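Peer 1: What the sequence shown shows, in UniProt numbering, is residues 1 to 1030, in sequence order. Beta carbons are placed, not taken as given, at the ideal position from N, Cα and C, and that holds for glycine. Please read these numbers as outputs of a predicted model, since none were measured by experiment. First, the structure itself, so that you have it in front of you.
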Amino acid sequence: MRTFAQVILAREWENQHVTHHNVLAAHAPLHAYHSEEAAKTKQPSANQRSLNGEWNFELYAKPEIVIPDVIEQDFNDSHWGSIAVPGNWQCQGFDKPIYTNIKYPFADNPPYVPQENPTGVYRTRFTLDERLEHSRYLISFDGVNSAFHLWCNGGWVGYSQDSRLPAEFDLSAHLTDGENLLTVMVMRWSDGSYLEDQDMWWLSGIFRDVTLTTKPLVSIADVEIKTELDACFRDATLNVTTSLSERNSEHQVAIELFDAEGNSVFAKRHAPTGQQIVDEKGAWNERAHHRIHIDNPRKWSAEDPYLYRLVVTLLNSDGKTVDCEAYDVGFRQVDITQGVLRVNGQRLLIRGVNRHEHHPELGHVMTRDSMIQDIKLMKQHNFNAVRTAHYPNHPMWYELCDEYGLYVVDEANIETHGQFPMCRLADDLTWLNAFSRRMTRMVERDKNHPSIIIWSLGNESGIGANHHALYQWTKQRDPSRPVQYEGGGSDTAATDIIAPMYARVETDQRLASDPAVTPKLALKKWIGMPGEQRPLILCEYAHAMGNSLGNFHQYWDTFREYPRLQGGFIWDWVDQGLTRTDEKGEQYWAYGGDFGDEINDRQFCINGLIFPDRTVHPTLYEAKHAQQFHQIELLSTEPLTIRVTSENLFTAPQERLVWKITEQGNIIARGERLITLAPQSSETLVLADALPAAKIGYDYHLTVCVELAKETAWADNGHEISCAQFELPGAFGLPLEQGNLSGAPKIENALNRLKIRAKNQQIEFNTSTGELDAWWVGNEQKLTSGLRDNFYRAPLDNDIGTSEANKVDPNSWIARWEAMGLPYLKRECVQFRHHQLSDACWIDVRYVHSFEGLAVLSTQWQYHIYADGEVRLTVDVQTASGLPSLPRVGIELALADDIDEVSWFGRGPHENYPDRKTSAHVGAYRAPVADLHTPYIFPSESGLRCDVKESDIGQLHIKGHYHLSVSRYRAEDVAKARHTNELQPSGQLWVRLDAEHMGVGGDDSWTPSVHEQYQLLKRHYHYQLTLAFH
C-alpha cells in the first residue's frame, strides 16, 4: 500500500502512461436490485447508498503542500469549509472558473501541468452497521475533474483520471464496522487535461454522483444486450451476455423480458455459467449467453421510444436469487446502406443539436429536472438527435433519451484543440493508452442504450494513428453502430460518416492565409466526390452565437433534396453563462474573463439556442420551423386545397390540422380536422370551396398548422408541431385615396425654425440641421429626439467575428464598418427647402454623411405634411462606391418612455430578421415594449420585426413597408455594453424604421457569414413612410 509521500512523489497526474490504479473494469451501469420485482419496476435498491451531500473541503495551492495527515481518522478538519457533492468547487466560492475555446489555460507542455495546481481535498464519513460476509463493497465516482487519489480509513485505494467516466474501486479490504472515512484529493490539472480542451468552462471537483454498492462475491459484473432485426425489419433476435465477477460453474443466469405494461414476453430462460470456453487471452469465460427469437416486437425509434424491460437474475445451485440487474431494451437496428444512414431500414434525417452539460449556478452538475427540461424543449422544437459534445454525459441522460426518444451520438472525452499541430497527441503512440481508455470505457458503459446510434472518437484533435486504432477497436467491439469523427474530413478511413463542421451549402470555405487551400468543400461538392459513398452529417453547423442562425432554412432545403445529406447538429444548445451578481445586487450571466481569468475566449461560450436558465432564444423558433415533420403545400385557392406530407418514418399519430384565413391579420375564416397520415405519406385536403370575398387594399393569408391531438410525454395536447403560411390573392384594383378636404396646413417661419400647424398639432423643423425635431399634439411634445437617418446597428457576435480590442480581424463586418467610419459619420444639412402646396406643405432636405472629410452617403428627405397632421416621408439614399454592406438603411426617432405596448401588422410574434424569418408569420400582433428587446448575454442589436405595413406605438401610427424595432436602449449604449447589467434604459423609446436591414448570418461566427442576397450593397435606396399621431 502506498504512503501519502509516495503518491505525491509519483506525480501520476503528469504521466500519460498512467491513467488509473485499481479502477475496476468498465461495465454497463449496475443497480444491485434485491429482487426481480424491484428490478422490473425500478425500485430504489437497498444495496446502493448515495454518498452525495455535504463533505468537508479544503483547497490547497498545489498537491505538494497538502498535509499528509489529511487521510487519517484523527485529523482535525473542523476548521475546513464544507462543499456540496456533487459540485464544482469554483461554483461554491473556491478558486475561479476559466473559459477558453482553444487555448490551454496553462503552458502547453504535455504531459506536464503547472506547479501551481489547485488541489481540493474532500473528507466524508459514513457508517456501516455491520459488514456483510461474502460481499464486495464498490464505490463509484461518476465524474471527477480532472484527476484524483482515493483513501479509505487512511489506506490508499487508487487513482483515476478522465473526468467524464466513472471510476469504480473495491473498498472491501479497507472498510470496518461502524464509522468509515473517505478522503479524496483532486488535482485541477493533470496530463488528462490536455485531452479535455473542449470549448467550455474549466471547472473542478467531484461533480457527479458518488455511490456505494454492495454486491455478493459472485455477482453480475456486466450485461451486454444486442438486438438484431431480420431482413424485413419485423422479427428480432435478443442477444444477452452476462458476465460474472468470478468464475463459478454452479450458478445459473435467468432472463425475462417484460413489455411496457409489465407483461412477460417470454417465460424465464436459464443459461449455465462457468462454461469451459477459452477466449483469446487464455482465460475462462465467466459468462452466460442467451439468444432468443422475438416475434415482431414493437420497434424503438425517436418517434416511438418503446422500451421493454429485461430482468437478469443470478441464481445459486439451490435456485435462490443471488443478484439481480435490469435494463431497458429497445429493439432497433442501425446501418449504412448505399451511402445512407438508416434506422430500422429507413433513411434518417438528423435534426440534431450539440449539448454541453451546463447549469448557470451548478456549473457542470446536471439534475434530473434540468435534463428532462432540456429533452422536452428539444422534442417540442422538432429535434430528434443530440451529440454529447464533447464527452460522455451523466448516465441518466442516456436513460432519459431512451425513454423520451432522442437519437444520440455518444462522444469520447478527447479534444486537443490547443495543440499545434492539432494531431500532435493523436499521432504520438505514447498517448495511445490514454486515448483508448477514454473510448473503450465509454463504449462499455453505454453499449446497451438504444438511443445511441453512433459512436464518436472525440472532437477537434486532428487525425492520427491513435484515432485509427480507436476506430478499429470500436468497429470490432460493436459492429452494430457506425463510428464518426470529424478530423480528417473525408480523407480518412477512421469514420463511417463524413462529419464536417460549418461546411456551407453552396460555397467552399477557404483559408484566408492561403486561398489555394480548400479545407472545407461545399456540401453539394462533398457528396459528389468521385468514389465517395458515405453519408454526410454535419457534426456542427449553424453557429447560434447571440443573434444568429440566418439562412438556416437553406440547409434544410438541401438536406431534403439530397439523400446522402442527412442533417446535422447545431452548435449549440445552451449559453454557457454562469450566474454572477454585481455590486448593485443585479444578476447577470458571466463568460470568459469575468472571473479574472486572464487567458480566456470572452463570450465564445455564449452560443446556444437557449439561455442558461432554459428560456429560449428567437433562433430556436427558426430551427423548429426548418426541421418540422410536415411539409405543407398550397395547391389551389378555388377550391382552397392543400397537401400535407408527413416526414415521420415509423408512426402515424392522429393529429389536429388547424387552419385560418386572415385579413390584415384578423381571422375571417377558420377550421380544423383530425388527420392521420401514414409514415412518409401525403394527403390532399380541401379546406373550403372558395375564399372569402376580398377587399381592395387588404392583405390575406392562409396559415395551416399541425398540432398534437393528445398529450405526450414531452408536450401538451394542442402543441404545434408544424406550420406554414401562404399569401392569398387580394381584390383586383388600387385603393382610392380620399382627397384632403381640410386645406393646407399653416406655415410659420421663425429664427432657424419652421413651424407647421395642422389640426391640433404643430410640427417643427430646425432649418439649420434640417431635422424634424418637435411634434406637438396639443400641449404635449411627442418627440424626445428628432427623425434621423440610421445606418448603424449595435454589432452582433457575427459582426464582430474574431475581433478583440487588441486584435482586430480586418475582414469582420465591424472592422469594415469602422474603416468606412460608420459609427462616426458626420451629418451635414446641405439644403433645406419648403413650399406651400394647395393641400400640403412640401419640405425637401438633403444631407451629406462624411467621414474624415470624405462623403460616404447622401440622403434626400421629402416631406408632405397635411392639414390633419399626417406626414408622408420619402427618402432616397445614395452610397459611395466600394462600401461594404451597410447594417441597415432607415430612420430613427425617439418618443417619451411612457408607452407600455406596441402593436403591428407584419411578421411575428418573435424577433425576426431578413435571413431568419421563415418561422415568423405575418399577422396582427401586440407586445409589451420590454418584450421587444432580446436580452442577449453579450448585448447586441435585437428585437427586429420584418415586413411591417402598419404599427402603433402609443399614439404614433406608422404605415409603409419597413422593418420595425422599438427599444429603450440607445444603439451606442448597447454597443458599449458587455453584459446585460451594464445596460440602463435611456429614458426614451427609440423607434427604428428600416427600409432594409442586413441579415444576421450564422453559418459560423468567425467569418462574415451573411449571404450576399441579404447584404445591403445597392448604390441607391428609395422608401416611403407615413407617420401620424392620433
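1. Can you give, in chain order, each stretch of the alpha helix (DSSP H) that sits fully within the stretch 356-383 and has at least 4 residues?
2. State yes or no: is the beta carbon of Leu362 nearer than 8 angstroms to at least one beta carbon in chain B?
3. Kindly indicate the opening and closing residues of the alpha helix (DSSP H) around Leu523.
4. How is Val704 classed by DSSP in three states: helix, strand or coil?
5. Whole angstroms are fine: how far does the CA of Ala147 sit from the CA of Ser135?
6. Exposed or buried, Leu674, counting other C-beta atoms within 10 Å across all chains shown (16 or more means buried)?
7. Hey, how far is the Cα of Thr802 from the Cα of Asp900?
8. Out of curiosity, what's the CA-to-CA distance linking Ile65 and Ser436?
9. Exposed or buried, which one is Asn382 when buried takes at least 16 other CB atoms within 10 Å?
10. In terms of alpha-carbon separation, which member of Ile292, His251 and Arg332 lies closest to Arg234?
11. Among the candidates Asn354, Pro935 and Asn798, whose CA atom is the shortest distance from the CA of Ser1005?
12. Would the stretch 560-578 and the stretch 608-617 be scored as touching if the rule is three or more Cβ pairs under 8 angstroms?
13. Does the separation of the CB atoms of Ala590 and Arg580 fall below 8 angstroms?
14. Ends of the alpha helix (DSSP H) at Phe559?
15. Can you tell me the Cα-Cα spacing of Trp80 and Arg968, whole angstroms?
16. Quick check: what's the CA-CA separation for Glu982 versus Trp990?
17. What is the rounded straight-line gap between the Cα of Lys215 and the Cα of Ser45?
18. With a Cβ-Cβ cutoff of 8 angstroms, do Phe169 and Asn22 count as a contact?
19. CA-CA distance, Thr712 and Val186?
20. I'd like to know whether the C-beta atoms of Tyr502 and Tyr541 end up nearer to each other than 8 angstroms.
21. If you drop the 5 nearest sequence neighbours on each side, which residues of the same chain put their C-beta closer than 6 angstroms to that of Gly786?
22. Between Asn52 and Val157, how many whole angstroms is the CB-CB distance? I'm expecting something under 8 angstroms.
23. Grouping DSSP H, G and I as helix and E and B as strand, with all else coil, what is Arg441?
24. State the start and end residues of the unbroken alpha helix (DSSP H) segment that holds Glu246.
25. Which of helix, strand or coil does DSSP assign to Pro618?
26. Leaving out five residues on either side along the sequence, give the residues of the same chain with a beta carbon under 7 angstroms from the beta carbon of Arg992.
27. What's the gap between the Cα of Ala678 and the Cα of Ala465?
28. Between the stretch 220-236 and the stretch 485-494, do three or more beta carbon pairs fall short of 8 angstroms?
29. For Ser742, collect the residues of the same chain with a Cβ closer than 7 angstroms to its Cβ; drop the 5 residues on either side in sequence, then sort them by chain order.
30. Entirely within the stretch 933-1012 and at least 3 residues each: give me those beta strand (DSSP E) ranges in chain order.
31. Decide if Pro450 is buried, meaning its Cβ has at least 16 other Cβ atoms within 10 Å, or exposed.
32. Going along the chain, which residues of its own chain have a beta-carbon closer than 6 angstroms to the beta-carbon of Thr980, five neighbours each way excluded?
33. Run through DSSP, which three-state label would Leu822 get?
34. Starting from the C-beta of Cys723, find all residues in its chain whose C-beta is less than 6 angstroms away, skip the five residues before and the five after it, and write them out in chain order.
35. Taking contact to mean 3 or more Cβ pairs, one atom from each stretch, closer than 8 angstroms, check whether the stretch 318-333 and the stretch 28-45 are in contact.
36. Along the chain, which unbroken stretches of the beta strand (DSSP E) at least 3 residues long are found entirely within the stretch 379-453?
Peer 2: This is what the structure gives:
1. For the stretch 356-383, whole alpha helix (DSSP H) runs of length 4 or above, ordered along the chain, are 368-380.
2. Here chain B cannot be found, since the structure has a single protein chain.
3. Leu523 to Trp526
4. strand
5. 28 angstroms
6. exposed
7. 38 angstroms
8. 33 angstroms
9. In the assembly as shown, Asn382 is a buried residue. Its beta-carbon has 16 or more other beta-carbons within 10 Å.
10. From the listed residues Ile292, His251 and Arg332, the smallest Cα separation to Arg234 is found for Arg332.
11. Asn798
12. yes
13. In contact: Ala590 and Arg580 (Cβ atoms closer than 8 angstroms).
14. Phe552 to Glu561
15. Taking the straight line from one Cα to the other gives about 48 angstroms.
16. 18 angstroms
17. 11 angstroms
18. The answer is yes: Cβ separation under 8 angstroms.
19. Straight-line measurement puts the Cα of Val186 at about 43 angstroms from the Cα of Thr712.
20. Their beta carbons are under 8 angstroms apart, which means Tyr502 touches Tyr541 by this criterion.
21. Glu771, Leu772 and Asp773, listed in sequence order.
22. In fact, because the Cβ distance is near 19 angstroms, the residues do not count as touching under 8 angstroms.
23. Helix at Arg441.
24. That residue, Glu246, is in no alpha helix (DSSP H); it is neither H nor E in DSSP.
25. helix
26. Asn790, Gly890, Glu892 and Ser965
27. 47 angstroms
28. They do not touch, by the three-pair rule.
29. Ala867 and Asp868
30. 945-953, 956-967 and 988-997
31. Pro450 counts as buried, since no fewer than 16 other beta carbons sit within 10 angstroms of its beta carbon.
32. The beta carbon of Thr980 is closer than 6 angstroms to those of Tyr588 and Pro935 in its chain, skipping five residues each way along the sequence.
33. helix
34. The beta carbon of Cys723 sits closer than 6 angstroms to those of Cys705, all from its chain and outside the five residues before and after it, given in chain order.
35. Three or more pairs of CB atoms, one per stretch, sit closer than 8 angstroms, so the stretch 318-333 contacts the stretch 28-45.
36. 385-387 and 407-411
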